[in-house]
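Novice: The structure follows.
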Amino acid sequence: DRVHSSVEPYISRDRHAVSMDTAEATAMALGQASGNRLELAGVGKQYDSPGGTVQALADVSFEVSPGEFVCLVGPSGCGKTTLFRIVAGFEQPTTGTVRPERTTEQMNMGIVFQEYHLFPWRTVGGNIRFGMEQLDVAADKQRERTQRLVDLVGLEGFVESYPKSLSGGMKQRVALARALAVDPSLLLMDEPFSAVDAQTRRRLQENILDIHEETQKTVLFVTHDIEEAIKLGDRVVVMEKNPGRIAEVIDIDLSRPRSRTTPAFGDLYERVLDHID
Ligand code: ADP
776 DRVHSSVEPY ISRDRHAVSM DTAEATAMAL GQASGNRLEL AGVGKQYDSP GGTVQALADV
836 SFEVSPGEFV CLVGPSGCGK TTLFRIVAGF EQPTTGTVRP ERTTEQMNMG IVFQEYHLFP
896 WRTVGGNIRF GMEQLDVAAD KQRERTQRLV DLVGLEGFVE SYPKSLSGGM KQRVALARAL
956 AVDPSLLLMD EPFSAVDAQT RRRLQENILD IHEETQKTVL FVTHDIEEAI KLGDRVVVME
1016 KNPGRIAEVI DIDLSRPRSR TTPAFGDLYE RVLDHID
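In our numbering, the protein residues as written are 776 to 1052.
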């Protein structure tokens, strides 16, 4: 309840207008899960809308092991946003289970959204410190950790800057540092690089791989970009739509850095594309 509750409404994704309440604002920066292994078993989600019932997800089951980087890829409408919101604890599945269960006492999921959702009234340092303040981390530890994270994401010299003065890529670096600040056991990323230009996107992709190597975080990364999924993931969960379900789970046994121009990459690309087409 220490979070300011009159945050201006924000748009979570193109068509889902959401008003941010206190719990969601906190969850945004801290997340709400615990444990290292993420397990989804038979997850289904049905929406009742004026036009009838929509089966957004059907029987989705997969696991993300500790330290693993898993990408979830699929076409628009296959239920990526819905699945993300269920894993984040913003929504309940109609059927099935997600473990660890979301509880508000155990806040160690770091979440990064496509549109950053930084706190505009806080500096870069203030944004990064947010979660640590909520957890009453000692002030000197907060300072030390903020500095480490600023270095990790490459924002040296911007600790006192406000989000409005930053580029999209820099804002996403702040969001990533904020998510990592509470040492989350799961880093959940929803199309995090979709709003930046192609060159920035490539740099951020390289950075997230370096950061993953350094921190060994468990990552679930949602994207609609096949190339991005194959470039980043240890495994790729491919989804199809109507209803949203898993088409295939592919182990990506290519060494990094991975190049789209190699035949092996091309083969994987075609294999994913087959499902999405
Ligand atoms: P994606 O993120 O992959 O584009 P979504 O999770 O947004 O997919 O949507 C999956 C399906 O569920 C779509 O058919 C979408 O129209 C429907 N859907 C999503 N959210 C709602 C909602 N709040 N009410 C009704 N239908 C919804």
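By construction, the Cβ of each residue, glycine as well, lies at the ideal position given by its N, Cα and C atoms. Remember, it's a predicted structure, so these values are computed and weren't measured experimentally.
According to DSSP, is V862 helix, strand or coil?
Specialist: helix
Novice: What three-state label does DSSP hand H1050 in the structure shown?
Specialist: helix
Novice: What residue from R977, L910 and W896 has the CA that sits closest to L1007's CA?
Specialist: R977
Novice: Measure the Cβ-Cβ separation of P967 and A950 and say whether it is below 9 Å.
Specialist: yes
Novice: If we ignore side chains and look at the alpha-carbon of each, how far apart do T1037 and G901 end up?
Specialist: Going from the Cα of T1037 to the Cα of G901 covers about 43 Å.
Novice: Whole angstroms is fine: what's the gap from A808's alpha carbon to K916's?
Specialist: Low confidence applies to A808: its pLDDT is 40, below 50, so where it sits in the model is not reliable enough to give any reading.
Novice: Would A831 count as contacting chain E if we go by Cβ distances under 9 Å?
Specialist: No chain E is part of this structure, which consists of one protein chain only.
Novice: Any contact between the stretch 865-875 and the stretch 814-828? By contact I mean 3 or more CB pairs, one from each, below 8 Å.
Specialist: Two segments are said to touch when three or more pairs of C-beta atoms, one from each, lie closer than 8 Å; by this definition the stretch 865-875 touches the stretch 814-828.
Novice: Taking the alpha helix (DSSP H) that R897 belongs to, which residues open and close that run?
Specialist: Careful: R897 lies outside any alpha helix (DSSP H) and carries neither H nor E.
Novice: If you draw a straight line from the C-alpha of A833 to the C-alpha of E935, how long is it?
Specialist: Whole-angstrom Cα-Cα distance: 46 Å.
Novice: Are the CB atoms of G885 and L963 within a distance shorter than 9 Å?
Specialist: It is a contact, given that the beta carbons lie within the stated cut-off.
Novice: So is the beta-carbon of C846 under 8 Å away from any non-hydrogen atom of the ligand ADP?
Specialist: Because no heavy atom of the ligand ADP lies under 8 Å away, the Cβ of C846 does not count as near it: no.
Novice: Would you check if there are 3 or more beta carbon pairs closer than 8 Å linking the stretch 1016-1025 to the stretch 842-858?
Specialist: yes
Novice: Of the choices D1000, E989 and L1029, whose alpha-carbon is the least far from that of L1048?
Specialist: D1000
Novice: Please name the residue in D965, G827, G854 and D823 whose C-alpha comes closest to that of H892.
Specialist: Put simply, of D965, G827, G854 and D823 the residue whose alpha carbon is nearest the alpha carbon of H892 is D965.
Novice: Starting from K990 and walking both ways along the alpha helix (DSSP H), at which residues does that stretch end?
Specialist: Here residue 990 is Thr; the residue named in the question, Lys, does not match the sequence. If you look at T990, you'll find it in the alpha helix (DSSP H) that goes A973 to T990.
Novice: Indicate the three-state DSSP secondary structure (helix, strand or coil) for F772 in the structure shown.
Specialist: Here the chain comprises residues numbered 776 to 1052, so residue 772 is not present and cannot be evaluated.
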